[in-house]
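In what follows, a structure is listed as structure tokens, so that the remarks can point back to it.
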Amino acid sequence: MTEVVTNYKLVTLDNEYESINENEYFELLAKPEAEEPVLLGSLLTTCKTTMKVTIKRWHTVSSWHWDVNEESCGICRMAFDGCCVDCKFPGDNCPPVWGVCNHAFHMHCILKWLNSNSQQQCPMCRAEWHAKVKI
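Going by this note's numbering, the first residue of the sequence shown is number 185, and it counts up by one from there.
Here is the structure:
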């Protein structure tokens with residue numbers, strides 16, 4: 185189990201703080217180490233005691249994204265999450281390929297580029313093309 189320790193004591197809101205204006209609220213939030221109470225919604229906190237929380241259940245959510253600086257292929261200009269002009273459907277075995285120069289292209293696009301050019305250079309920076317991982 186995971187324990188989260190915070191340095192706030194929660195108490196109910198007294199009537200004297202119900203009419204606090206927005207500027208006073210943000211001034212209080214800017215002083216977390218002060219003994220002044222800090223308004224949080226309908227709760228009032230002071231920074232003196234420790235509250236321990238035990239997390240009994242944890243539901244995680246993940247997101248997936250390409251780890252490239254550009255969002256599209258430098259040759260065909262199509263997005264990496266789509267497909268290149270030679271593919272019919274997104275995901276048709278057309279992964280992005282990174283060169284040692286850190287430029288990324290669809291696999292079909294860079295193979296077609298390298299086959300049509302005798303110098304085997306990156307189409308973006310003209311450095312000699314070498315894939316980071318063998319194609």
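C-beta: ideal position from N, C-alpha, C; glycine also.
Sub-8 Å separation of residue i and residue j beta-carbons
i: W348; j: I259; result: Past the boundaries of the shown model lies residue 348; the chain is included only from 185 to 319, so the question cannot be answered.
i: C306; j: C278; result: no
Beta-carbon proximity list for residue i, same chain, < 6 Å, skipping 5 on both sides
i: Q304; result: L298 and W313
i: C271; result: C278
i: H292; result: C268, D270 and C278
i: I294; result: V281
Terminal residues of the beta strand (DSSP E) in which residue i lies
i: W282; result: P280 to W282
i: H290; result: A288 to H290
Spatial neighbours of residue i in its chain, beta-carbon cut-off 8 Å, leaving aside the 5 residues before and after
i: M262; result: S256, C268, V269 and H290
i: V317; result: V281 and W282
Contacts around residue i, its chain only, beta-carbon distance under 7 Å, and the 5 residues preceding and following it disregarded
i: C309; result: C285 and H287
Integer Cβ distance of residue i from residue j, believed to fall under 8 Å
i: R315; j: G283; result: Per the sequence shown, the amino acid found at residue 315 is Ala instead of Arg. Right, the Cβ-Cβ distance comes to about 6 Å (below 8 Å), so this counts as a contact.
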